[in-house]
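Accompanying notes for the structure given below.
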Amino acid sequence: MDETIIPLPVGSEAPDFELLDVLSGETVRLSGLRGAIVVLNFWSGECAWSRLYDEYFSQRAPRWAQQDIWLLHISSNANEDANDIAEAAAELGVAGPILHDVGHTVADAYGAQTTPHIFVIAPDGRIAYQGAVDDRRFGQQEATINYLDNAIGALLLGVDPDPAETPAYGCAIVREYG
45 MDETIIPLPV GSEAPDFELL DVLSGETVRL SGLRGAIVVL NFWSGECAWS RLYDEYFSQR
105 APRWAQQDIW LLHISSNANE DANDIAEAAA ELGVAGPILH DVGHTVADAY GAQTTPHIFV
165 IAPDGRIAYQ GAVDDRRFGQ QEATINYLDN AIGALLLGVD PDPAETPAYG CAIVREYG
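Start counting the sequence shown at 45; every next residue gets the next number (our numbering).
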């Protein structure tokens with residue numbers, strides 16, 4: 045992992061972006077979802093840690109949508125093109141939107157480090173939580189705390205998540221430097 049990439053701190057204004065959904069062909073703009081809770085999941089079809097959470101997100105996304113909570117998967121790896129992303133999504137049963145972050149500009153703007161790396165955007169457009177989905181690690185295969193569920197629950201109650209930041213854990217986002 046590149047230690048020079050620092051996640052945006054909680055409370056920061058979430059950088060706006062406009063990316064293409066590789067599944068629908070439609071463009072998604074973050075500012076178009078202002079007023080809703082938005083979960084950004086930096087995702088990779090080839091990362092085992094990212095795959096570990098695919099079912100979790102597939103189960104929650106429909107319920108979240110009923111509560112005006114939007115899940116956006118963002119694929120930022122330099123070694124995955126739009127076809128790779130769409131094929132992996134079909135193979136893994138991942139529903140969209142899956143946004144292709146060409147040149148990892150959105151990952152860089154947010155300081156996303158891993159897949160997964162979660163950023164929860166509050167309805168007012170600020171980052172309310174960033175970090176891991178839960179407390180699983182290589183040496184701890186079962187989660188005991190689900191940070192993302194807790195963060196969303198807090199926002200729905202009108203309070204700030206606690207904790208608001210945790211270390212992201214997963215595969216490093218593949219970046220091109222040059």
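Even for Gly, the Cβ is constructed at its ideal location relative to N, Cα and C.
TODO: With a threshold of 16 other CB atoms inside 10 Å of the CB of E124, please say whether the residue is buried or exposed.
DONE: Counting Cβ neighbours within 10 Å, E124 comes out buried, since at least 16 surround it.
TODO: Would you mind sorting R73 into buried or exposed? The rule is 16 or more other CB atoms within 10 Å of its CB.
DONE: Under this definition R73 is an exposed residue.
Open item on the list: Distance check for E186 and G76, CA to CA, integer angstroms please.
Closed with: 36 Å
Task: Other residues of its chain near T210: CB distance less than 6 Å, five sequence neighbours each side excluded - done: G175, A176 and Y191
TODO: Go ahead and pull the three-state DSSP assignment for Q157.
DONE: coil
Task: Anticipated Cβ contact below 8 Å, I165 with A156, distance rounded - done: Contact flag wrong, Cβ pair sits at about 13 Å.
Task: Backbone secondary structure at W114 - three-state DSSP - done: strand
Open item on the list: Here's the rule: buried if 16 or more other CB atoms are within 10 angstroms of the residue's CB, otherwise exposed. What is V150?
Closed with: A residue is called buried once 16 or more other Cβ atoms fall within 10 Å of its Cβ, and V150 is buried on that count.
Task: CA-to-CA distance, R95 to G137, given in whole angstroms - done: 10 Å
Open item on the list: Taking 8 Å as the threshold (C-beta atoms), are T159 and F101 in contact?
Closed with: no
- [ ] Specify, as a first and last residue, the run of the beta strand (DSSP E) that E57 falls within.
- [x] Looking at the DSSP string, E57 is not in any beta strand (DSSP E), and its letter there is neither H nor E.
TODO: Leaving out five residues on either side along the sequence, give the residues of the same chain with a beta carbon under 6 Å from the beta carbon of D112.
DONE: The residues A80, in chain order, have a CB closer than 6 Å to that of D112 in the same chain once the five nearest residues on each side in sequence are set aside.
TODO: To the nearest angstrom, report how far apart P205 and A198 are at their CA atoms.
DONE: 5 Å
Task: Complete runs of the alpha helix (DSSP H) confined to the stretch 150-200 [at least 4 residues] - done: Fully enclosed alpha helix (DSSP H) runs of 4 or longer: 191-200.
TODO: Use the C-beta contact count for L201: other C-beta atoms within 10 angstroms, 16 or more gives buried, fewer gives exposed.
DONE: exposed
Task: T71 versus P59: straight-line alpha-carbon distance, rounded - done: 16 Å
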